[in-house]
Amino acid sequence: MKLNKLFGIIGSVHVPSSLIAAQAGTDGGSPAEKRLEWLRSQLIGRDLQFDTCFGKRLLTYADHTASGRCLRYIEEYITQQVLPFYGNSHTSDSSCGEKTTRMVHEAREYIRRCVGACPEDALIFCGSGATAAIKRLQEVMGIAVPANLRSQVIENLREEERWVVFVGPFEHHSNLLSWRQSIAEVVEIGIDADGLVDMEALELQLASMKYSNRPKLGSFSACSNVTGIIADTRALSRLLHKYGAYACFDFATSGPYVEIDMRSREEEGYDAIFLSPHKFPGGPGSPGILVMHEALYKLRSFPPSTCGGGVVAYVNGFNAKAEEAAVCAGPYGHRLLGVEKSLSLHIRRS
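This is the structure we're talking about:
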């Protein structure tokens, strides 16, 4: 396996070559290896020693599936280039607010290009990791309700109004429990002989007369965070779309290591994806990402899923786009603006 594939680094890191040469040396090694060595040199805590019951030991971090590590040059960029000009991200009344708002928009568009989103896809920064992204999708679909009202709401729903959500055999709790707590009916699909989603079982459920007149959605892990098995997301999308179901995928585990191309308007495209950028190199502290096709935004003329600052259009009675109606503003810190997220995604693509 090539080093650049091992670390999920595919192109060139956008940093001065002089810095790379200073850290990695100029003798021997391929350009990719030099870039990787420079990147390793930027990991905060790389050479840290700490006290253990066996004496001092070099810190070895081996939990990147849970969370990535901070990169020095990203933190320095934020300190020097972002925070001095920080202002409210939903205003142009001051130069700081205008600059911060512009950075947010630039970060959103950069990430949109990174994941192959189309103009009809909304990209929303939300809360903590994929957990918040999945919850936000449920909110804008109109199926998230308080736990104490769930039974009452379901009792008053007509059967054809209640969503059916198909999930896989190795979902993270964030892609399972929150669906169970929504007003949707959750159908779990088992595994086949290869440890993948049982496609035959899924097709039987999708074709079942029981669900024929109901809205349907599949929400599957793109990669198991236990076994590392990668799902065939394209085949799942084709099958779900064949039966009129939306195709959604949790890329929390594999996001830092694979190419993501939504292509939401195509048969094998994704209708929504969930990301946890804090798992990326340089990503700790950044929020979750929800990218969804506008067809999944079911609130339309109803109040936004998150009412508060930043929803002026709702207050004034005008229509709001999915992105605007699903995001509450306020004086967010730079980490909640997607600025750090776009930088860490740049590292992933590099």
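Just so we're aligned: 80 in UniProt numbering is position 80 of the sequence shown, and the numbers increase by one with no gaps anywhere. Cβ atoms here follow ideal geometry from the backbone N, Cα and C, with glycine treated the same way.
Jot down the residue ranges of each uninterrupted beta strand (DSSP E) in the stretch 67-154, minimum 3 residues, whole runs only, in chain order.
121-126
So, is Ala-107 buried or exposed, given that buried needs 16 or more other C-beta atoms within 10 angstroms?
buried
In the structure shown, what three-state DSSP assignment does Gln-181 receive?
coil
Check Met-262 in the structure and name its three-state DSSP category.
coil
Throw me the rounded Cβ distance for the Arg-57 and Gln-49 pair, which I believe falls under 8 Å.
7 Å
Starting from Ala-32, follow the alpha helix (DSSP H) in both directions and report where the run begins and ends.
31-41
First and last residue of the beta strand (DSSP E) that includes His-293?
288-293
How would you call Asp-194, buried or exposed, if buried means at least 16 neighbouring beta carbons within 10 angstroms?
When all chains shown are included, Asp-194 counts as exposed.
Apart from the five residues just before and just after Gly-127, which ones in its own chain have a Cβ nearer than 8 Å to its Cβ?
Ala-133, Lys-135, Arg-136, Pro-287, Gly-288
For a quick check, are the C-beta atoms of Glu-203 and Leu-239 less than 8 Å apart?
yes
Entirely within the stretch 158-206 and at least 4 residues each: give me those alpha helix (DSSP H) ranges in chain order.
177-180
How many Å lie between Asn-156 and Ala-62 at the Cα?
49 Å
Look at Arg-263 and Gly-269 and say whether their C-beta atoms are less than 8 Å apart.
yes
Per DSSP, what kind of secondary structure is Lys-216 in: helix, strand or coil?
strand
So who's on the other strand from Ile-273, going by DSSP bridges?
Phe-249, Val-291
Considering Cα atoms alone, identify which of Ala-247, Lys-242, Met-141, Tyr-243 is closest to Ala-231.
Cα-wise, what sits closest to Ala-231 is Ala-247.
Report the rounded CA-to-CA distance for Arg-102 versus Cys-53, giving the unit in angstroms.
Computed Cα separation, rounded: 50 Å.
Kindly indicate which three-state DSSP category Ala-22 falls into: helix, strand or coil?
With a pLDDT of only 49 at Ala-22, under 50, the local geometry of the prediction cannot be trusted, and the value read off the model is given with reservation. Correct three-state label for Ala-22: helix.
DSSP three-state call for Leu-236: helix, strand or coil?
Looking at Leu-236 - three-state DSSP - the assignment turns out to be helix.
Specify the secondary structure class of residue 361 as computed by DSSP and reduced to three states.
In the structure as shown, the chain begins at 1 and stops at 350. Residue 361 is therefore absent and cannot be evaluated.
Taking the Cβ atom as the reference point for each residue, do Pro-169 and Val-197 lie within a distance shorter than 8 Å?
yes
Straight-line CA distance for Val-153 to Ala-201?
Taking the straight line from one Cα to the other gives about 29 Å.
Report yes if the C-beta distance between Asp-250 and Ser-224 is below 8 Å; otherwise report no.
no
Report the rounded CA-to-CA distance for Val-167 versus Thr-79, giving the unit in angstroms.
41 Å
Is Cys-53 close to chain D, meaning its C-beta is less than 8 Å from at least one C-beta of that chain?
No chain D appears in the structure shown, which is made up of a single protein chain.
Would you call the CB atoms of Leu-296 and Asp-261 closer than 8 Å?
no
Pull up the distance between the alpha-carbon of Pro-146 and that of Arg-180, whole angstroms please.
12 Å
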